[in-house]
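Protein chains in written order, with this note's numbering: chain A, 1 to 622; chain B, 1001 to 1199. Each residue gets a CB set at the ideal place from its N, CA and C atoms; glycine is no exception.
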Amino acid sequence: MQRKIVSGNEALALGALRAGVKVVAGYPGTPSSEAVAFLLAKKPEGVHVEWSANEKVALEIAAGAAWAGQRSLTTMKMSGLNVAYDSLISIAYSGVNGGMVVYVADDPGVSAGMAEQDSRGFALMADLPMLEPATPAETYRLSQAAFELSQRTGSPVFLRLVTAVAHSHAALEVEEDPPPPPELPILLERDIQRYTKAGAAICMAQHRDLIARLEKAEEVIGEMGLNQLTLAQEAGGLGIIACGATAVYLEEGFERLAKLGVSPESLSVLRLSSVHPLPRQEVARLFAHCSALLVLEELEPLVERELIVEARRLGYAGRIVGKLDGPFSRIGEYGLREVVEGVAAAVGLSLPKDLLRGLAAEGQAAARPITVCAGCPHRGTYLALNRAIRLLKFKKDEVMVTGDIGCTILGMNPPFHTVWNEVSMGASLGIAQGYLAAGLKTPVIATIGDSTFFHAGLPALINAVQHQAPLTLIILDNGWTAMTGMQVNPGTAEAFQREGWQRLDLAALVPAMGVQQFFQVDPYDLKTTTETMVQAIALPGVKVILARRECSIQSKRRGLRFRRVRVLEEKCTLCKLCITTTGCPALSIGEKAVVIDPAVCVGCSLCAQVCPAKAIEKEEIG
Amino acid sequence: MNAINFLVCGVGGQGTVVASDILSNVGLASGYEVKKSDVLGLAQRGGSVISHIRWSNQAVHAPMVGLGEIDYMLAFERLEAVRRLPYMKPEGTVIVNAQEIHPIAVTTGQMAYPSPSQILATLQANVAHVYEVNALATALTFGSSRTVNTVLLGAISHFFPASASIWEEAISQVIRPKLLELNIKAFHAGRALMEGDSQ
Chain A
1 MQRKIVSGNE
11 ALALGALRAG
21 VKVVAGYPGT
31 PSSEAVAFLL
41 AKKPEGVHVE
51 WSANEKVALE
61 IAAGAAWAGQ
71 RSLTTMKMSG
81 LNVAYDSLIS
91 IAYSGVNGGM
101 VVYVADDPGV
111 SAGMAEQDSR
121 GFALMADLPM
131 LEPATPAETY
141 RLSQAAFELS
151 QRTGSPVFLR
161 LVTAVAHSHA
171 ALEVEEDPPP
181 PPELPILLER
191 DIQRYTKAGA
201 AICMAQHRDL
211 IARLEKAEEV
221 IGEMGLNQLT
231 LAQEAGGLGI
241 IACGATAVYL
251 EEGFERLAKL
261 GVSPESLSVL
271 RLSSVHPLPR
281 QEVARLFAHC
291 SALLVLEELE
301 PLVERELIVE
311 ARRLGYAGRI
321 VGKLDGPFSR
331 IGEYGLREVV
341 EGVAAAVGLS
351 LPKDLLRGLA
361 AEGQAAARPI
371 TVCAGCPHRG
381 TYLALNRAIR
391 LLKFKKDEVM
401 VTGDIGCTIL
411 GMNPPFHTVW
421 NEVSMGASLG
431 IAQGYLAAGL
441 KTPVIATIGD
451 STFFHAGLPA
461 LINAVQHQAP
471 LTLIILDNGW
481 TAMTGMQVNP
491 GTAEAFQREG
501 WQRLDLAALV
511 PAMGVQQFFQ
521 VDPYDLKTTT
531 ETMVQAIALP
541 GVKVILARRE
551 CSIQSKRRGL
561 RFRRVRVLEE
571 KCTLCKLCIT
581 TTGCPALSIG
591 EKAVVIDPAV
601 CVGCSLCAQV
611 CPAKAIEKEE
621 IG
Chain B
1001 MNAINFLVCG
1011 VGGQGTVVAS
1021 DILSNVGLAS
1031 GYEVKKSDVL
1041 GLAQRGGSVI
1051 SHIRWSNQAV
1061 HAPMVGLGEI
1071 DYMLAFERLE
1081 AVRRLPYMKP
1091 EGTVIVNAQE
1101 IHPIAVTTGQ
1111 MAYPSPSQIL
1121 ATLQANVAHV
1131 YEVNALATAL
1141 TFGSSRTVNT
1151 VLLGAISHFF
1161 PASASIWEEA
1171 ISQVIRPKLL
1181 ELNIKAFHAG
1191 RALMEGDSQ
């Protein structure tokens, strides 16, 4: 064991290794990505680790491995669980042989721009156990416990982390290089009753098994002591149920509460690590001991509702304070302030108005909308698309441009204002077809990144081809799954695929899908890209433009520069058009002329291509 | 709990996460319990980025710190210092890099960027100890804007008893060997920037 600073995601990965995981498959998604990224970089002996094409495939790989008797882990963000869920429900019915853990990361407070989905609801619906740690140390422990629970019950087990745990770092004792997973026989079990859904009798028998496994899980969780109950010496006080990440703020809150006259010794606390199933024995003991209960849980009042049901069942009459009856919001994450205010509300204490509200400083500062990086090829694509729309004599608010997930969505932001909407992976294509079906006569354009297209765009394009929906699809192919931190995807260049893997080339794949009007452009070439778009948009039928150029973060990391670009001070009129049109972070206004920061510029030369005074000179390198 | 709470803030791409990793390692090497949390958002795309770091003689529970609870702010950019002011304790310390990275609303002329003196006045009106350092200029004397983060770490190191060798060791745990020497130099240059100031 070694003491080192690790993140929640790393702790989860290290815990899985220690538990003997043999197969790990995930799809990148903030805040879950670092678990698989860490393992891919570590290359643990005897462990298969991969980024899969999407979360459904990843989960199926984990399930297949677990059916074959091996331990497996699948990782995803909450949006990905929606994609994988179809298979998970079915796999839950069959159960597993080797331990299988499903890591899902939720994002209360939305650090990464998606719905505040509470994935605990999925555990309830699937009748699968779900564990939730409060700290990286607990993540390390529960990651191992989840495998044991799965193995002992034959059920896949959810491990849920929120951003505040996944992205927090703490010093803890970890085994950095546990031994490789044990050599277990590969199970080949032919059992139609268990592994198919052929008929009502089979499905209902599996449903019975599923429920029995969940009941067993409650028992095993009790034996493993995963939830910690501390009863106050004196009965009749407040009981607090702290779910997952909220427990740390409660620990911090004790000191504040003591200062406000609420003795921590007067409080009973159930630290809940098993979100589902609810540990009913501990809950019954809280009911017997406390006059009122406070539920600390971010997002939906799930535990609160279950407590109300238990209270009704057991005849508990005390108040249950939370979101349905109490001060808490279903929106955003909790912190120290929320916890202290919650306890105060439950014990009837009024707090100073400014408590934990921070300086009333003029914190207003101009917003910093995220934008595409210096040299980002998407900049060229969106500039060209805006120009093409203008050249076709349409106004911007007449042409629907649907957006998709990943860096490409930055086309919604200034200075482009090109993209109109963002739904889910691959949805740009379906939504576009909906506008066409609705009867829109002006051009409809869908935009999508390469990884997103592989993930969920393929079926939607097939649909467009079959129905000959006259849309223009622009695939912004930068060769990487970039937004989540540069993961390799099926289209990433051969040089970066592992030995023995095969790259899929979109330039070959898309025409093979029946797309007859296929174009490829280099988004660093504004003129040709614009002309191609004008031509394609005006054509009937399904048109696909592959805008291909590697992500500039990646090319820059390898020291690639494309051109030397330089401002000719005597020609620059300081009209700022290069800045307002491209929004490139390498450009700023100097005293006499626009200045290009050589540390940031990669030489895409888009600024030179938009300069009306020809004041930016470009020089080809090599 | 006697935690020392830090907030590192800046703009995506400035190297704030590396700085917060080093700051965590220094805490650990100084014998503290340490927690850290990076609120990245969409970090590499020029957005606002913050990290919370906490050192304490006792167990540290929460990885993040609420408003009004920060002792030391290390701001990589002027406007970001102002944005994160509500996190500061009035008796706290702000070290702000004199660098400006203009948001697009400013470069496109829809909004003005406050003047250096306005920003300094706002900081000083709210927080007891404010130090402005020109980390970019210092970093550029080494030929690379990439060392702004280690220059700023040098500046904040002035406030703690940890020896320079503890900081150097912490830097070497995070920075690639190829860039280590440059960053150690940058650290010392940053440390020297503060030598004229008393605490």
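Against chain A, with Cβ distances strictly below 8 Å, would residue 1137 (chain B) count as a contact?
Reading the second sequence from its first residue, position 137 is the one you call residue 1137 (chain B). No, residue 1137 (chain B) lies away from the interface with chain A (no Cβ there is under 8 Å from its Cβ).
Going by C-alpha distance, which of B:1157, B:1067, B:1167 is nearest residue 1191 (chain B)?
In the second sequence, residue 1191 (chain B) corresponds to position 191, counting from 1. Considering only alpha carbons, the answer is B:1157.
Taking contact to mean 3 or more Cβ pairs, one atom from each stretch, closer than 8 Å, check whether the segment 31-47 of chain A and the segment 204-218 of chain A are in contact.
no
For residue 1129 (chain B) and chain A, any beta-carbon pair shorter than 8 Å?
Here residue 1129 (chain B) corresponds to residue number 129 of the second sequence, with the count starting at 1. Residue 1129 (chain B) does not count as touching chain A.
For residue 422 (chain A), three-class secondary structure by DSSP
Translated into the one-based positions of the first sequence, residue 422 (chain A) becomes position 422. Residue 422 (chain A) falls in the coil class under three-state DSSP.
Under 8 Å between C-beta atoms, does residue 358 (chain A) make it to chain B?
Within the first sequence, the letter at position 358 stands for residue 358 (chain A). Interface residue, yes.
To the nearest whole angstrom, what separates the beta carbons of residue 16 (chain A) and residue 55 (chain A), a pair I think is in contact under 8 Å?
Residue 16 (chain A) sits at position 16 when you count from the first residue of the first sequence. Residue 55 (chain A) sits at position 55 when you count from the first residue of the first sequence. Wrong, their Cβ atoms sit about 17 Å apart, outside the cutoff.
Please list the residues of the segment 1093-1111 of chain B that have a C-beta atom closer than 8 Å to any C-beta atom in chain A, keeping them in chain order.
1101, 1102, 1103, 1104, 1105, 1106, 1107, 1108, 1109, 1111
Counting only C-beta atoms, is residue 1174 (chain B) closer than 8 Å to chain A at any point?
Here residue 1174 (chain B) is taken as the residue at index 174 of the second sequence, counted from 1. No, no contact with chain A.
Mapping DSSP to helix, strand and coil, what is residue 1097 (chain B)?
Here residue 1097 (chain B) refers to the residue found at position 97 of the second sequence. Looking at residue 1097 (chain B) - three-state DSSP - the assignment turns out to be strand.
To the nearest angstrom, report how far apart residue 1199 (chain B) and residue 112 (chain A) are at their CA atoms.
Stepping through the second sequence from its first residue, residue 1199 (chain B) is reached at position 199. Stepping through the first sequence from its first residue, residue 112 (chain A) is reached at position 112. Any answer about residue 1199 (chain B) is weak, because its pLDDT of 42 lies below 50 and its placement is not dependable; what the coordinates show is given next. Roughly 38 Å separates the two Cα atoms.
Which partner residues of residue 2 (chain A) appear in the DSSP bridge assignment?
As a working mapping, residue 2 (chain A) is identified with position 2 in the first sequence. A:174.
Taking only the alpha-carbon atoms, compute the straight-line gap between residue 169 (chain A) and residue 7 (chain A) and give it to the nearest angstrom.
Numbered from 1 along the first sequence, position 169 holds the residue referred to as residue 169 (chain A). Numbered from 1 along the first sequence, position 7 holds the residue referred to as residue 7 (chain A). Going by the C-alpha atoms only, they are around 4 Å apart.
Residue 583 (chain A) CB to nearest chain B CB: under 8 Å?
In the first sequence, residue 583 (chain A) corresponds to position 583, counting from 1. At least one chain B Cβ lies under 8 Å of residue 583 (chain A).
Cα-Cα, which of A:602, A:586, A:128 is closest to residue 595 (chain A)?
Translated into positions along the first sequence, residue 595 (chain A) becomes position 595. Ranking the options by Cα distance to residue 595 (chain A), first place goes to A:586.
State the DSSP-derived secondary structure class of residue 617 (chain A), mapped to helix, strand or coil.
The sequence position of residue 617 (chain A) within the first sequence is 617, counting from 1. Strand at residue 617 (chain A).
Beta-carbon gap between residue 412 (chain A) and residue 398 (chain A) smaller than 8 Å
If you number the first sequence from 1, residue 412 (chain A) lands on position 412. If you number the first sequence from 1, residue 398 (chain A) lands on position 398. Going by C-beta atoms, residue 412 (chain A) is not nearer than 8 Å to residue 398 (chain A).
Suppose the cutoff is 6 Å on Cβ atoms and the five residues either side in sequence are ignored; what does the same chain contact list for residue 58 (chain A) look like?
Locating residue 58 (chain A) in the first sequence gives position 58, where the first residue counts as 1. 25, 26, 27, 52, 74.
Would you kindly check if the distance between the Cβ of residue 195 (chain A) and the Cβ of residue 336 (chain A) is under 8 Å?
By one-based count along the first sequence, residue 336 (chain A) stands at place 336. By one-based count along the first sequence, residue 195 (chain A) stands at place 195. It is not a contact, given that the beta carbons lie outside the stated cut-off.
Residue 1072 (chain B) at chain A interface by Cβ criterion, 8 Å
What you label residue 1072 (chain B) is simply residue 72 of the second sequence in a count that begins at 1. Not closer than 8 Å to any Cβ of chain A, the Cβ of residue 1072 (chain B) fails to qualify, so no.
Hey, how far is the Cα of residue 322 (chain A) from the Cα of residue 1035 (chain B)?
Counted from its first residue, the first sequence places residue 322 (chain A) at position 322. Counted from its first residue, the second sequence places residue 1035 (chain B) at position 35. Looking at the two C-alpha atoms, the distance is approximately 28 Å.
Heavy atom of the ligand SAM within 7 Å of residue 127 (chain A) beta-carbon:
Among the components modelled here there is no ligand, and therefore nothing to report on the ligand SAM.
First and last residue of the uninterrupted alpha helix (DSSP H) at residue 1154 (chain B)
Mapped onto the second sequence, residue 1154 (chain B) falls at position 154. Start and end: 1148-1157.
Would you say residue 244 (chain A) and residue 133 (chain A) are within 8 Å of each other, going by their C-beta atoms?
Numbered from its first residue, the first sequence carries residue 244 (chain A) at position 244. Numbered from its first residue, the first sequence carries residue 133 (chain A) at position 133. A contact, by the Cβ cut-off of 8 Å.
Identify the contact partners of residue 335 (chain A) in chain B, using a Cβ-Cβ distance below 8 Å as the criterion.
Numbered from 1 along the first sequence, position 335 holds the residue referred to as residue 335 (chain A). Chain B residues near residue 335 (chain A): 1062, 1064, 1066.
Do the segment 425-442 of chain A and the segment 454-462 of chain A meet, that is, are 3 or more Cβ pairs less than 8 Å apart?
yes
Can you find the residues in the same chain that come closer than 6 Å, C-beta to C-beta, to residue 609 (chain A), ignoring five residues on each side of it along the sequence?
Numbered from 1 along the first sequence, position 609 holds the residue referred to as residue 609 (chain A). Here the set comprises 526.
Taking 8 Å as the threshold, find out whether the segment 277-289 of chain A comes into contact with the segment 222-239 of chain A through three or more Cβ pairs.
yes
For residue 372 (chain A), which three-state DSSP category applies?
Along the first sequence, one-based indexing puts residue 372 (chain A) at 372. Note: residue 372 (chain A) maps to coil in three-state DSSP.
Per DSSP, residue 25 (chain A) is paired with what?
Here residue 25 (chain A) refers to the residue found at position 25 of the first sequence. Answer is A:50, A:74, bridged to residue 25 (chain A).
Less than 8 Å between CB atoms is the rule here; does residue 252 (chain A) satisfy it with respect to chain B?
Indexing the first sequence from 1 puts residue 252 (chain A) at position 252. Taking Cβ atoms only, chain B reaches closer than 8 Å to residue 252 (chain A), which makes this a yes.
If we cut at 8 Å on Cβ distances, does residue 49 (chain A) have a partner in chain B?
Taking the first sequence and counting its residues from 1, one reaches residue 49 (chain A) at position 49. Cβ-Cβ to chain B under 8 Å: no for residue 49 (chain A).
Only counting the same chain, and skipping five residues up and downstream in sequence, which positions put a Cβ closer than 7 Å to that of residue 318 (chain A)?
As a first step, residue 318 (chain A) must be located in the first sequence, where it is residue number 318. Contacts found: 290, 291, 292, 293.
Quick test of your reading: residue 275 (chain A) and residue 123 (chain A), contact by CB under 8 Å. State the CB separation rounded to the nearest angstrom.
Translated into positions along the first sequence, residue 275 (chain A) becomes position 275. Translated into positions along the first sequence, residue 123 (chain A) becomes position 123. Going by Cβ atoms, the distance from residue 275 (chain A) to residue 123 (chain A) rounds to 6 Å, so yes, they are a contact pair.
So that I know if they touch, is there some Cβ in chain A lying closer than 8 Å to that of residue 1157 (chain B)?
What you label residue 1157 (chain B) is simply residue 157 of the second sequence in a count that begins at 1. No, its Cβ sits nowhere closer than 8 Å to a Cβ of chain A.
Give, in chain order, every unbroken run of the beta strand (DSSP E) that is at least 3 residues long and sits entirely within the segment 181-243 of chain A.
228-230, 238-243
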